[in-house]
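Note sheet for the following structure.
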Amino acid sequence: MNVLFLTLSNMENVDQRGIYTDLVRELSHRGINVYVVAPREKRTDLPTEFSTNNNINVLKVRTGNITKTNFIEKGISTLVIEKQYLKAVKKYFKDIHFDMVMYSTPPITFEKVVQYFKEKHKSKTYLVLKDIFPQNAVDINVIKEGSLLWKHFRNKEKRLYEMSDIIGCMSKGNMDYVLKHNPFIQKRKVEIFPNSISPIERFERENKNKELFSKFNIPNESTLFVYGGNLGKPQGIEFLLEVADNFHKISNGHLLIVGSGTEYVKIKKHIEQKKTKSVSLFNKLPKDEYDQLLEIADVGLIFLDRRFTIPNFPSRLTAYMEYSLPVLAATDKNTDLKDVLKESESGLWSESFNVNTFIGNANKLSKDERLRCQMGLNGRKYLEDNFDIKKTVDIIIKHL
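Numbering follows UniProt numbering, with no gaps: position 203 of the sequence shown is 203.
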């Protein structure tokens, strides 16, 4: 059984933990031969390369810069990536028959690659929908609805939906949105395919690592709030900066922002100019160091721009739940992340425009260690019941 997986995720090390590497490894554990096609962005200065690790085969294709770059370069790189991928798979996988082709968004521009295997191999096609584009770009004023660029991407989005035998959505909110706004899609081919991981074993939170507190300039007895991930326009950076300006109002609280993205420099300048108290900023950390940080954290933060009309569902939720961290979220009102937090009793939510409500929720968590512990445990249990990669791979297996 051969499965081809197309992604924009970094697959330099398939042994590293993450939603896509965990997916690939679990498929491999089930005896499936997995072939991954992933980008090697121009900035790495590395060539296209093929490697094999047991029954996981990874083709890293040299592409333009897609992440951490300006909108124009990202757009051009995204437009040409399907040609680069198609040329590479024809060269390296020409004698392999694929039973299924899986592909994750972003981008929506895998259409020609998918069509090739659907026609040539009669492969089953599975769309892992992580990004509803171009509407998400419209929501935050990156693309204008009705423009030529919007029409181009919207047409590509529709064709991708049409050629997909199954569309796996992150949540019920995602699934309902896709069906409502794309009435041509048959309901029977849409299902929930959640962000999932292979959870580490539970561990007891005991004495915190003082060396790490020192490294990140955190006062020893602080209640540590951590935001880790992308720092770009989708995160609603203006609200995040407003939170940073007011974080001194949180009893014993310290905010640590760790990440990278187009807005990193803006955040850095703001914090330096305002001399914000109880706030630290660090560039993106290696996965193992970030995991160590989550071991000493008390609360995990999620931010999304309030203008989103699409129900985003951030994958960093699984990382916080894995480490039994309560979640403090400030997002748009359309995401069903807030419903999951309420249902699981694993965190607090507010819309990302009222900083006073956010600070009030943060104070509630900072002052009540028992509440933090209980919410953290609730989240961990919810993760095991709903976001375990073994259960998610079962969803794929039934289609093979």
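Even for Gly, the Cβ is constructed at its ideal location relative to N, Cα and C.
From a predicted model like this one, the values you see are computed outputs, not experimental measurements.
When rounded, the separation of the alpha-carbon atoms in V142 and P234 is 10 Å.
Inside the segment 248-289, DSSP marks whole alpha helix (DSSP H) runs of 4 or more residues at positions 264-274, from first to last along the chain.
For the segment 53-137, the full-length alpha helix (DSSP H) segments reaching 4 residues or more read 71-92, 111-120 along the chain. For the pair I257 and L285, the CB atoms are not nearer than the 9 Å cut-off.
Between T109 and I166, the C-beta spacing is not below 9 Å. Counted as a single uninterrupted DSSP element, the stretch harbouring G31 is not any beta strand (DSSP E), since DSSP gives it neither H nor E.
Residue burial is scored here from C-beta neighbours: S214 has fewer than 16 other C-beta atoms within 10 angstroms and is therefore classed as exposed. The secondary-structure analysis by DSSP pairs N354 with nothing; it has no beta-bridge partner.
In this structure, L46 keeps its C-beta atom at 9 Å or more from the C-beta atom of V89. Counting along the chain, F5 sits inside the beta strand (DSSP E) bounded by residues 2-6.
In the DSSP assignment, N378 falls within the alpha helix (DSSP H) that extends over 369-386.
For S196, the secondary structure class from DSSP, reduced to helix, strand or coil, is coil. The segment 311-319 and the segment 271-284 do not touch, with fewer than 3 CB-CB distances between them shorter than 8 Å.
A contact is defined here as three or more CB-CB pairs under 8 Å, and the segment 7-18 fails this definition with respect to the segment 368-378.
In this structure L365 is not in contact with A297, their Cβ atoms being roughly 12 Å apart against a cut-off of 8 Å. Looking at V101, N386, A244, the one whose alpha-carbon comes closest to that of L400 is V101. P39 sits buried, since 16 or more C-beta atoms from the chains shown fall within 10 Å of its C-beta. For N220, no alpha helix (DSSP H) segment is defined, and its DSSP state is neither H nor E. The criterion of a C-beta distance shorter than 9 Å is not satisfied by E263 and G229.
Rounded to the nearest angstrom, the gap between the Cα atoms of R154 and D131 is 13 Å. Residue state for S51 is assigned as strand, using DSSP reduced to three classes.
Distance from S196 to D388 at the Cβ level is roughly 6 Å; contact confirmed, criterion being Cβ atoms closer than 8 Å.
A contact between stretches requires three or more CB pairs, one per stretch, nearer than 8 Å, and the segment 71-80 fails this requirement with the segment 49-58. Between D368 and T21, the alpha-carbon positions lie close to 36 Å from each other. Per DSSP, the beta-bridge partners of V226 are L256, G300.
Per the C-alpha coordinates, the member of E295, I267, H97 positioned closest to G259 is I267. For F216, same chain residues with a beta-carbon under 8 Å away, outside a window of 5 residues either side, are L256, S280, F282, L293 in chain order. In the three-state reduction of the DSSP assignment, E41 falls in the strand class, which pools E and B. Annotation: the continuous beta strand (DSSP E) that includes G168 extends over 166-169. About 6 Å separates the CB atoms of I185 and Y161; that is less than 8 Å, so the two are in contact.
Remark: C-beta atoms of D332 and N356 do not approach each other more closely than 9 Å. Close CB contacts of E242 within its chain, under the 6 Å cut and outside five residues either way in sequence, are with V355 (chain order). For T331, the uninterrupted beta strand (DSSP E) run begins and ends at 327-331, by DSSP. Bounds of the alpha helix (DSSP H) holding I389 are 389-397.
For the pair V61 and V37, the Cα-to-Cα distance works out to about 7 Å.
Residue burial annotation: D336 is buried, with at least 16 other C-beta atoms found within 10 angstroms of its C-beta.
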